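Data block below; observations after.
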Amino acid sequence: MTTTTDSPSTGTAKMELDEVQHHARRILEAVATVIDGKAGAISTALTVLLAEGHLLIEDVPGVGKTQLARALAKAFGASVSRIQFTPDLLPSDITGVSIFDRQSNEFEFKPGPVFANIVIGDEINRASPKTQSALLESLEERQVTVDGFSHPLPDPFLVVATQNPVEMEGTYSLPEAQRDRFMARISLGYPDAESELRMLRQRETQSPLDRLEPLVSVADLRRMIATVRSVYVASVVERYAVDIVQATRVHPDLRLGASPRATLQLMRAAKSWAALNGRRFVIPDDVDALSGPVLGHRLILAGRSGAGAVSAAYDIVESVVAATPVPLDESSH
Amino acid sequence: MPLSREPGDRFAPGNARWPLTALLWLTLMMAVGSLHPLFQGSGWWFAAAVVSALVLGAAGAARAAHWPSVVASAAGLIVGVLGSTAFVSGGTALLGIIPTAETIDRIRVLTEQARDAIVSDEAPIVVGDAMLGVIVVTVAAGALLVDLLSRVSRMPGLTGVVFAIVLVVPSFIPDVDPSWVWVVLTVLGYVAVLVVSTGRRPSRTSIVTAVAAVVVAGVVTSLLPVSLASPLSNLGTGTGISTGVNPVINLGKDLRRGTAVDVLSYTSSSAQGDYLKLVDLVDFSGTRWSPASVRLDGKNTVEKLPQAPGIAKSTRRDTVTTDVSVNLLRSPYLPIPVPATAITGVDSKWKYVDASGVTVRSTSEGSQGLDYKVTSRPVDPTRSQIVRSLDKAPAGLSAYESVAGVPASITRLAKKVTSGAANPFDAAVQLQDYFRNGEFTYSEDTPVREGYDGSGLDMVETFLKRKSGYCVHFASAMAVMARTLGIPSRIAVGFLPGTQEGSSENWTVTSNDLHTWPELYFQGLGWIPFEPTVGQGTTSSYLQQTGTEATPSSSATSSASASDSATAQATTSTTAAPTTAQVTTSASAATGTSGRSVGGAPFAVVGAAILVLVALLPWWLRTSRRRRRLGQDPPDTALWAWREVVDTARDLGVSVDPAATPQATAALVRERLDAPGASALERLLAGTQRERFGDLPAGAIVQDDARTVIRSLRQGAGPVARCVAALVPRSLFVEARPQTAQGA
């Protein structure tokens, strides 16, 4: 089971580093026409997707979470499906169902919307926990099992889920175990006045999303992912990432630190970030840049919750990163 | 010093660099050659050459065998120890080269002997086993130091300091002219070392260093017309005075000191105060008077001292108790009033010496800071007791009667001066009068200026013609003349009574009170102290002629002196005038301005040199660290170049967070750089990241980039910051501290 999740792209030809950078730049520019003034969030999102991670976008309604998810999906020219999570959504509405075919006298599997390269799960926290878990299990296993048959999901398979902060009405907060399956969480925040003004004018006539053409084929996407996988990580950098994660586990302000899965995903995200910056190897600054989005949503603060907790968790990650020494050689640790 | 292009290759293990090693050895031996005027013969030079060649050769061979540099130097050390042992062991070592416990004992004895020789002998010193051992070990240590500097520290240029130190040594020794041939050869050798070590023509800096070394050697030499006679015993004292084993050697110099130092203070029951004696000088067979050689006997403790020889039971004696507190005097002898009968308050290290019965000696120069009580019983014979003693012949005092080598002119003069004396005692008193009340003048400088400073027979002869000198000349002249008249004599070295504090019993003795006086032996009276030095001290009241020809002037002097203390202001008699001038005043007046500057110069120069060396130590450590770091081989080339740049930035006041990534650190450093520096920093950063995180070679070019960045950092800093960075490099003393508190 896990072998399929670990190597869906094994054997895929790699792409030259500068070509990866070139594609990434075009995607970022294109997406930026849809979401104004959020370059940081967009490049983090792209980084996570190229690292084969799933992305959680968490923010108040109306700031463009879904726009971002759709723009990214469209830019890749991959198969995209969108699931609007509602309280009455059933698991089979996501995974698909087996239907009896009278002509062949057999049960035939009708794939659900999860069978796509990029799945947008809108307002995932509005569905019941049972339905949520139907999606989230496929996140980890990259396959769907219905009536005893396993159906592999397409490669690549990337989920971009959006959710509203937990205070909003009619929401079921994602449990910790489920949150852990997302590689990173980002939030968009409100645009500044100028961006908002520009957005107003542009959307008078047509949604910019409609003008967005696919920029990268699925094959190219696979090759980009393969390149990201091949980025080199020195043992001192691995050690640095482990030091950061371990520091969150003993931090006095945290009830729960980051998991070993978090370390793994932090490293993968850092590799992707390095590749997007045109480097064949990861430097500690890559780890620093990704540790907030990758670790922030996994931490449970001691005695705090709610919207304020998001930024508090980011602050803690930042302080941990700043205090963790960067080893330059094995002995200096 | 020039930076090498590919230091990694040239200092790599396996590269013995024999030409450099050979040059270093040659240059060292040239420098050691400049010590030729100090020692007799040349065998010592060849011995030193062999051992230093062994040390450098062993280290070089170990490097050729790909041993790490430090280990190779250690090999040199071991071979040096074995080689030195072969020269000093004298059959106590295993197989002749492996030191045993016995060898260590022997080395201790030899060291002490060599020390005594250095302190008391005059150059050129005869090189015995002890001296040879010291020379060989010192030169071997020098060779090891040269090896460490040139190979481990990778600073061959700094070996110039070692050579310069060796070259300066002769200028600290009296009556030795440094030989310029050796100096020039050494400098040529050093320049050759620089050329060979850098592989190109020497930079201006290294030539300046070489020339500076020579100039410093020359300047130090010319600054020291009065040299330090005994560097070993004097270097450490700074302010106090130190007598060594033969105190007469330094006496003139100590008298000429610009400022007097408090040597000791005492309270005495004697109204005139006490002459305090350190040691007797018995033997003038050499070039100067020297103490009888003695061996300390463990049983000779000082609580009860033996009877002073030759004093008849019937002779009238006083009993004087004296409490002495020694201040700034380092001496192996205890200053005591004589003849002492008991001393309390000193430990068992102090023993009396059998030969004279009154000298108290320790094996160390441990007199500083002692407090002790002495009971002494000076004779005060009546005239009849003196007369009674005259017909008794002295016995067993041949050592004090030797007149070997005394020029006839002195004998003739002695006869002439004492022609009217009825007996030896009267002759002695007449001799004293001849010096004290005649044409003689007191001067501490004339003998130095006219080249007869000293106590040897030649000096005595010249002094008797010129009639100007200080206590050493008066005392040795009178002692020699007394011997020609058949009176046993010796010279006591010690202190005048000093200055009385008001009319109390408290006396203070300074370095200006250093003194020598003759003691003459009369059977029944024992050793009687005389005071021939004009204008100094007091004479005892019983020192009057017993015969019929007692002169009025003599008795007037005696009585005046007897009734006054050394510090008394009495001006009652004509002869008392010089006497009553306070000892301190007369000494410093005679010293004059030239004496002042000369006396302090050696200490000032040596002290300043040591201070400068100590102050430069952090700079040296930092520079050698930089050199080492910028000469690292792959795979750590960039790592060390990076660390060096970060440390230089810290030295120059950039506060660097050790937890920060190289990129973040570079952003901080970049603010201080000019454009070329900034682009060099970018290359260095990229190289560092490639090497540390990408497992790719950074290339030696990053070392040049690091140098560019360091130069740019320095140029951007103010002159004060640059000085602070050079002399007190932060990175050497303070670990970088994280700036973000964890868990904030």
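Protein sequences, first through last, are from chains V and G. Using our numbering, count along the first sequence one by one with no gaps and you end on 335. Using our numbering, count along the second sequence one by one with no gaps and you end on 1106. All C-beta atoms in this analysis are idealised placements derived from N, C-alpha and C, irrespective of residue type, glycine included. For clarity, every value in this text was computed on a predicted model and none was experimentally measured.
- Can you give the Cα-Cα distance for Ala80 (chain V) and Gly1078 (chain G), rounded to whole angstroms? The residue given as residue 80 (chain V) occupies position 78 in the first sequence. The residue given as residue 1078 (chain G) occupies position 716 in the second sequence. Approximately 55 Å, taken between the alpha carbons.
- Can you give the Cα-Cα distance for Pro93 (chain V) and Ala136 (chain V), rounded to whole angstroms? Within the first sequence, the letter at position 91 stands for residue 93 (chain V). Within the first sequence, the letter at position 134 stands for residue 136 (chain V). Taking the straight line from one Cα to the other gives about 6 Å.
- Message: If we define contact as Cβ-Cβ less than 7 Å, is Leu74 (chain V) a contact residue for chain G?
- Response: Here residue 74 (chain V) refers to the residue found at position 72 when the first sequence is read from its first residue. False, the Cβ-Cβ gap to chain G never drops below 7 Å.
- Exposure of Leu1075 (chain G), with buried meaning 16 or more beta-carbon neighbours within 10 Å: Within the second sequence, residue 1075 (chain G) is the residue found at index 713, counting from 1. Buried.
- Can you give me, in chain order, the residues of the region 995-1011 of chain G that have a beta carbon less than 9 Å from any beta carbon in chain V? Asp998, Leu1001, Trp1004 and Arg1005
- Task: Find the residues of chain G that neighbour Ile285 (chain V), judging by a C-beta separation of less than 9 Å, and give them in chain order.
- Result: Working through the first sequence from its first residue, we reach residue 285 (chain V) at position 283. Within 9 Å Cβ-Cβ: Thr1023, Pro1024, Gln1025, Gln1051, Arg1054, Phe1055 and Gly1056.
- Can you give me the Cβ contacts of Thr878 (chain G) inside the same chain, cut-off strictly under 6 Å, excluding the 5 residues immediately before and after it? The residue given as residue 878 (chain G) occupies position 516 in the second sequence. So the qualifying residues of the chain are Cys833, Val834, Ala837, Ile853 and Val855.
- Are the beta-carbon atoms of Gly114 (chain V) and Thr97 (chain V) separated by less than 7 Å? Counted from its first residue, the first sequence places residue 114 (chain V) at position 112. Counted from its first residue, the first sequence places residue 97 (chain V) at position 95. Yes.
- Between the region 1058-1075 of chain G and the region 1037-1048 of chain G, do at least 3 Cβ pairs fall closer than 8 Å? yes
- Message: Quick check on Tyr714 (chain G): buried or exposed, where buried means 16 or more other Cβ atoms within 10 Å of its Cβ?
- Response: Mapped onto the second sequence, residue 714 (chain G) falls at position 352. Buried.
- Task: Identify every residue that forms a DSSP beta bridge with Phe408 (chain G).
- Result: Taking the first residue of the second sequence as position 1, residue 408 (chain G) is located at position 46. Phe408 (chain G) is not bridged to any residue.
- Using a Cβ cut-off of 7 Å, pull out every chain G residue sitting near Tyr234 (chain V), in sequence order please. On the first sequence, position 232 is the one that residue 234 (chain V) refers to. Ordered by position in chain G, the residues that pass the 7 Å Cβ test against Tyr234 (chain V) are Gly1056 and Asp1057.
- Query: Where DSSP assigns a beta bridge to Asn868 (chain G), which residues make up the other side?
  - Reply: Residue numbering aside, residue 868 (chain G) sits at position 506 when the second sequence is read from its first letter. Per DSSP, G:Thr629.
- Query: Mapping DSSP to helix, strand and coil, what is His428 (chain G)?
  - Reply: One-based indexing of the second sequence puts residue 428 (chain G) at position 66. DSSP places His428 (chain G) in coil when its eight states are reduced to three.
- the region 17-27 of chain V contacting the region 276-288 of chain V, beta-carbon criterion three pairs below 8 Å: yes
- Message: Less than 7 Å between CB atoms is the rule here; does Val239 (chain V) satisfy it with respect to chain G?
- Response: Taking the first residue of the first sequence as position 1, residue 239 (chain V) is located at position 237. Cβ-Cβ to chain G under 7 Å: yes for Val239 (chain V).
- Query: At a Cβ threshold of 7 Å, is Asp38 (chain V) touching chain G?
  - Reply: Here residue 38 (chain V) is taken as the residue at index 36 of the first sequence, counted from 1. Judged by the 7 Å Cβ criterion, Asp38 (chain V) is not in contact with chain G.
- Task: Measuring alpha carbon to alpha carbon, tell me which of V:Leu74, V:Val62, V:Asp61 and V:Ser100 ends up nearest Glu215 (chain V).
- Result: As a first step, residue 215 (chain V) is located in the first sequence; it is residue number 213 there, counting from the start. It is V:Leu74.
- For Gly66 (chain V), which residues of its own chain have a beta-carbon under 7 Å away from its beta-carbon, when the five flanking residues on both sides are left out? Against the first sequence, residue 66 (chain V) aligns to sequence position 64. Excluding positions up to five away in sequence, the list reads Ile37 and Leu190.
- Message: Let me confirm a value: His428 (chain G) is counted as buried when at least 16 other C-beta atoms fall within 10 Å, else exposed. Which label applies?
- Response: One-based indexing of the second sequence puts residue 428 (chain G) at position 66. Label assigned to His428 (chain G): exposed.
- Let me know if Lys827 (chain G) comes out buried or exposed under the rule of 16 or more other beta-carbons within 10 Å of its beta-carbon. By 1-based counting over the second sequence, the position of residue 827 (chain G) is 465. Answer is exposed; the Cβ neighbour count stays below 16.
- Cutoff 7 Å: Asp288 (chain V) Cβ touching any chain G Cβ: As a first step, residue 288 (chain V) must be located in the first sequence, where it is residue number 286. Chain G contact via Cβ: absent.
- Check whether the Cβ of Val328 (chain V) lies closer than 7 Å to any Cβ atom in chain G. As a first step, residue 328 (chain V) must be located in the first sequence, where it is residue number 326. Yes, its Cβ sits closer than 7 Å to a Cβ of chain G.
- Message: Below 7 Å on C-beta distance, what does Pro1020 (chain G) contact in chain V?
- Response: Numbered from 1 along the second sequence, position 658 holds the residue referred to as residue 1020 (chain G). Correct list: Pro327.
- Whole-Å CB distance - Val501 (chain G) paired with Ser414 (chain G), under 8 Å assumed: Mapped onto the second sequence, residue 501 (chain G) falls at position 139. Mapped onto the second sequence, residue 414 (chain G) falls at position 52. The Cβ separation is near 5 Å, so the contact holds.
- Task: Note the first and the last residue of the continuous beta strand (DSSP E) segment covering Ser851 (chain G).
- Result: Along the second sequence, read from residue 1 onward, the residue named residue 851 (chain G) stands at position 489. Here the beta strand (DSSP E) through Ser851 (chain G) covers Ser851 to Phe857.
- Starting from the C-beta of Gln69 (chain V), find all residues in its chain whose C-beta is less than 7 Å away, skip the five residues before and the five after it, and write them out in chain order. Your numbering for residue 69 (chain V) matches position 67 in the first sequence. Contacts found: Val36, Ile37 and Leu211.
- Query: Buried or exposed: Thr706 (chain G), going by 16 or more other Cβ atoms within 10 Å of its Cβ?
  - Reply: If you number the second sequence from 1, residue 706 (chain G) lands on position 344. The residue in question, Thr706 (chain G), is exposed, as its Cβ has fewer than 16 Cβ neighbours within 10 Å.
- Could you check which residue in G:Ala492, G:Val545 and G:Phe884 has the C-alpha nearest to that of Tyr762 (chain G)? For the purposes of this step, residue 762 (chain G) is taken as residue 400 along the second sequence, with counting starting at 1. It is G:Phe884 whose Cα lies nearest to the Cα of Tyr762 (chain G).
- Cα-Cα separation, Glu1053 (chain G) to Arg1084 (chain G): If you number the second sequence from 1, residue 1053 (chain G) lands on position 691. If you number the second sequence from 1, residue 1084 (chain G) lands on position 722. Answer to the nearest angstrom: the Cα atoms are 30 Å apart.
- Task: In the DSSP assignment, find the unbroken alpha helix (DSSP H) run with His24 (chain V) in it and report its ends.
- Result: Within the first sequence, numbered from 1, the residue matching residue 24 (chain V) stands at position 22. Note, His24 (chain V): alpha helix (DSSP H), Leu19 to Val36.
- So Pro167 (chain V) is in the beta strand (DSSP E); what residue range does that whole segment cover? Start at 1 with the first residue of the first sequence, and residue 167 (chain V) comes out as number 165. No beta strand (DSSP E) holds Pro167 (chain V); DSSP gives it neither H nor E.
- Through-space distance from Ala228 (chain V) to Val296 (chain V), alpha-carbon basis: Working through the first sequence from its first residue, we reach residue 296 (chain V) at position 294. Working through the first sequence from its first residue, we reach residue 228 (chain V) at position 226. For Val296 (chain V) and Ala228 (chain V), the distance between alpha carbons rounds to 21 Å.
- Amino acids of chain G, ordered along the chain, whose beta-carbon sits closer than 7 Å to that of Arg203 (chain V): The residue labelled residue 203 (chain V) in the question sits at position 201 within the first sequence. Under the 7 Å cutoff, chain G gives no residues; its nearest Cβ is about 38 Å from Arg203 (chain V).
- Item | Where the beta strand (DSSP E) through Pro880 (chain G) begins and ends | Counted from its first residue, the second sequence places residue 880 (chain G) at position 518. Taken as a continuous stretch (DSSP letters only), the beta strand (DSSP E) holding Pro880 (chain G) covers Leu876 to Phe884.
- Between G:Val524, G:Ala702, G:Ala424 and G:Leu444, which lies nearest to Val412 (chain G) when the distance is taken from Cα to Cα? Counted from its first residue, the second sequence places residue 412 (chain G) at position 50. The shortest C-alpha separation from Val412 (chain G) is found at G:Leu444.
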